[in-house]
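Enquirer: Structure incoming, see below.
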Amino acid sequence: MKVRDEVYQYYFYFIQERMRIFWRRYEGEETHLTNDPILAMYKFTNVYRAQDRVSQYLIRHVISEKEHRFSDIDNLLRIIVFKIFNNVNTWEYLEHKLGEISIETFDVDWITALLDERIKQVAIFSPAYMMTGSHARYNMYARKHEKWLRMVEKELLLGNGFEKIVEAKSLEEVYNIMLQCSFIGEFLAFQYAIDFNYSSVINFDENSFVKAGIGAIRGIKKCFSDIGRYTFEDCIKYTQDHFDSYQQKYGFNDFKNLFGRQPKLIDLQNCFCETDKYLRVKMPELLVGNKRIKQKFDQPKEKIEYLFPEKWGINRYLNQCL
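Below is the structure:
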């Protein structure tokens, strides 16, 4: 495989500068976070997937604070219900109406009725993921949210999908279980596998498997001039294997990782997607798919109290003097 140095360098630049923005905000700075006008104007996710606001809510409020009180199946159900909507307000609305979500409170008829009313006032799905609403097996149901909830009930609960995940021997196996579900394609199957892996139900190395999403593929196509017989996933692994040497080559040696945790394959996948977005403005002549960035940067409404999966071993460093 061959890289385009004049483009690939921006991948490593983005990782360094986006992480620098995180550390400045973490240390209390809010006004002058970057000199880069593109990063200042547009919304970009963090270098590490788990740093982002919705992932943080999932880790703290859906998983860490509650998982000791629930069974493995309950915890997987809670995670997938949260992630289907990927919307904190929807989750809090449901828990306010139902009590804590679990197998005991997962009544699809009741939840559907609640969301039928909710959707009249506000959006219940996050726009972050493209969620299909059509599948022959569930098209007898009128609303997208009911179709998804029926799928969870029939395929993951009654169809023993959750039990298979509990017994899975690898992250890829979890991915393949989710891929067999209606509505769920390769990208979502991988994302959901990573979300499950934040919990104590399963514990697999995030470097053991990766799947490139559409945005990451666009970024890879811009950064690599020729991948030959290799896959897009191979390009992500190549980037990880040569991470330090390319940082040195391009002069981006000031990257400060997350409390000693180096970016994993999921994070590097994500950064190819974000680099694609960055390059739409920086190098618009590189036409691969989308031409503009849709979301502008908004000042965060409230500070995040960070928490990461306990098994990562980095929570003891949080809120220490840096």
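Numbered per full-length UniProt numbering, the sequence shown finishes at 322, counting up by one with no gaps.
The beta-carbon is built from N, C-alpha and C at its ideal position, and this holds for glycine as well.
Does the Cβ of Q51 have 16 or more other Cβ atoms within 10 Å, making it buried, or fewer, making it exposed?
Expert: In the sequence shown, residue 51 corresponds to position 51, counting from 1. Q51 comes out buried.
Enquirer: Grouping DSSP H, G and I as helix and E and B as strand, with all else coil, what is R4?
Expert: Counted from its first residue, the sequence shown places residue 4 at position 4. Of the three classes helix, strand and coil, the one that applies to R4 here is coil, per DSSP.
Enquirer: Residues in the same chain with beta-carbon distance under 6 Å from G159, minus the five sequence neighbours each way, listed in chain order, please.
Expert: As a first step, residue 159 must be located in the sequence shown, where it is residue number 159. Taken in chain order, the list of residues that qualify is empty.
Enquirer: Report the start-end ranges of each alpha helix (DSSP H) in the stretch 127-160 that is 4 residues or longer and not cut off at the edges.
Expert: 144-151
Enquirer: Evaluate N35 with the Cβ neighbour count: other Cβ atoms within 10 Å of its Cβ, from every protein chain shown; 16 or more gives buried, anything less gives exposed.
Expert: One-based indexing of the sequence shown puts residue 35 at position 35. Result: exposed.
Enquirer: Does the stretch 70-85 touch the stretch 154-172, meaning 3 or more C-beta pairs lie closer than 8 Å?
Expert: yes
Enquirer: On the three-state DSSP scale, how would you describe Y57?
Expert: Here residue 57 corresponds to residue number 57 of the sequence shown, with the count starting at 1. Here Y57 sits in helix by DSSP.
Enquirer: From what residue to what residue does the alpha helix (DSSP H) around S245 run?
Expert: Position 245 of the sequence shown, counted from the first residue, corresponds to residue 245. Per DSSP, S245 is one residue of the alpha helix (DSSP H) stretching across 243-250.
Enquirer: At the level of alpha carbons, what is the spacing between R261 and P309?
Expert: Mapped onto the sequence shown, residue 261 falls at position 261. Mapped onto the sequence shown, residue 309 falls at position 309. Rounded to whole angstroms, R261 to P309 spans 12 Å at the Cα level.
Enquirer: Which value, in whole angstroms, describes the spacing of the CA atoms of E173 and K66?
Expert: Counted from its first residue, the sequence shown places residue 173 at position 173. Counted from its first residue, the sequence shown places residue 66 at position 66. When rounded, the distance between both Cα atoms is 26 Å.
Enquirer: Tell me whether S208 is buried or exposed, calling it buried when 16 or more other Cβ atoms sit within 10 Å of its Cβ.
Expert: In the sequence shown, counting from the first residue as 1, residue 208 sits at position 208. S208 should be labelled exposed.
Enquirer: Of the residues D5, A142, S182, which one's Cα is nearest the Cα of E153?
Expert: Within the sequence shown, the letter at position 153 stands for residue 153. E153 has its Cα closest to that of S182, out of D5, A142, S182.
Enquirer: Check S200 in the structure and name its three-state DSSP category.
Expert: Counting from 1 along the sequence shown, the entry for residue 200 is found at position 200. Coil.
Enquirer: So L76 and S102 are in contact, right, with Cβ under 8 Å, and what is the actual spacing, rounded?
Expert: As a position in the sequence shown, residue 76 is number 76, starting the count at 1. As a position in the sequence shown, residue 102 is number 102, starting the count at 1. 11 Å between Cβ atoms; not a contact.
Enquirer: Name the DSSP beta bridge partners of Y306, please?
Expert: Sequence index remark: in the sequence shown, residue 306 carries index 306 (1-based). Answer by DSSP bridge pairing: none, since Y306 is not bridged.
Enquirer: Among all the DSSP beta bridges, which residues are the ones paired with R261?
Expert: Taking the sequence shown and counting its residues from 1, one reaches residue 261 at position 261. L258, per the DSSP bridge assignment.
Enquirer: Tell me, please, whether the stretch 30-46 touches the stretch 260-278 by the rule of three or more beta-carbon pairs shorter than 8 Å.
Expert: yes
Enquirer: Would you say I214 reaches chain D, if we count a Cβ-Cβ gap shorter than 8 Å as a contact?
Expert: The displayed structure is made up of one protein chain only, and chain D is not part of it.
Enquirer: At which residues does the alpha helix (DSSP H) containing F85 begin and terminate?
Expert: Walking along the sequence shown from the start, residue 85 turns up at place 85. Per DSSP, F85 belongs to the alpha helix (DSSP H) from 72-85.
Enquirer: Taking its Cβ as the centre, do 16 or more other Cβ atoms sit within 10 Å of T231, making it buried, or is it exposed?
Expert: For the purposes of this step, residue 231 is taken as the residue at position 231 of the sequence shown. Its Cβ having fewer than 16 others within 10 Å, T231 is exposed.
Enquirer: For R60, I'd like the list of residues in its chain whose CB is within less than 6 Å of its CB, leaving aside the five on either flank, ordered along the chain.
Expert: In the sequence shown, the residue the question calls residue 60 occupies position 60. Answer for R60: L307, listed in chain order.
Enquirer: Provide the residue span of the alpha helix (DSSP H) that contains D109, from first to last.
Expert: To locate residue 109, count along the sequence shown from 1; it is residue 109. 108-118 is the extent of the alpha helix (DSSP H) around D109.
Enquirer: Pop quiz: Y8 and L279 are said to be a contact at Cβ under 8 Å. What is the actual Cβ separation, rounded to whole angstroms?
Expert: To locate residue 8, count along the sequence shown from 1; it is residue 8. To locate residue 279, count along the sequence shown from 1; it is residue 279. Their Cβ separation, rounded to whole angstroms, is 11 Å, which puts Y8 and L279 out of contact at 8 Å.
Enquirer: Leaving out the 5 sequence neighbours to the left and right, which residues in its chain are closer than 6 Å to E146 when beta-carbon positions are compared?
Expert: As a first step, residue 146 must be located in the sequence shown, where it is residue number 146. T112.
Enquirer: Let me make sure I understand the geometry here. Which of Y13, V3, Y141 has the alpha-carbon closest to that of G251?
Expert: Here residue 251 refers to the residue found at position 251 of the sequence shown. In terms of CA proximity to G251, Y13 leads the group Y13, V3, Y141.
Enquirer: CB G99 to CB T90, shorter than 8 Å?
Expert: Your numbering for residue 99 matches position 99 in the sequence shown. Your numbering for residue 90 matches position 90 in the sequence shown. No; because the gap between Cβ atoms is not below 8 Å, this pair is not in contact.
Enquirer: Since F224 sits in a beta bridge, which residues does DSSP pair it with?
Expert: To locate residue 224, count along the sequence shown from 1; it is residue 224. Answer is V3, bridged to F224.
Enquirer: Give a yes or no on whether the C-beta atoms belonging to I236 and A212 are separated by under 8 Å.
Expert: For this step, residue 236 is matched to residue 236 along the sequence shown. For this step, residue 212 is matched to residue 212 along the sequence shown. Contact: yes.
Enquirer: Three-state secondary structure (DSSP) at F12?
Expert: By 1-based counting over the sequence shown, the position of residue 12 is 12. Here F12 sits in helix by DSSP.
Enquirer: Going straight from the alpha carbon of I177 to that of L39, what length do you get?
Expert: As a first step, residue 177 is located in the sequence shown; it is residue number 177 there, counting from the start. As a first step, residue 39 is located in the sequence shown; it is residue number 39 there, counting from the start. Each residue's CA atom was taken as its position, placing I177 and L39 some 37 Å apart.
Enquirer: For R25 and D109, I'd like the C-alpha separation in whole angstroms.
Expert: Position 25 of the sequence shown, counted from the first residue, corresponds to residue 25. Position 109 of the sequence shown, counted from the first residue, corresponds to residue 109. If you take the alpha carbons of R25 and D109, they lie about 43 Å apart.
Enquirer: Could you check whether I194 and E206 sit closer than 8 Å to each other, using their CB atoms as the reference points?
Expert: Residue mapping note: residue 206 aligns to position 206 of the sequence shown, counting from 1. Residue mapping note: residue 194 aligns to position 194 of the sequence shown, counting from 1. The answer is yes: Cβ separation under 8 Å.
Enquirer: Does DSSP put E104 in a helix, in a strand, or in coil?
Expert: As a position in the sequence shown, residue 104 is number 104, starting the count at 1. Correct three-state label for E104: coil.
Enquirer: Please name the residue, chosen from F255, V122, Y317, L149, that lies closest to R18 on a Cα-to-Cα basis.
Expert: Locating residue 18 in the sequence shown gives position 18, where the first residue counts as 1. Comparing Cα-Cα distances from R18 to each of F255, V122, Y317, L149, the minimum goes to F255.
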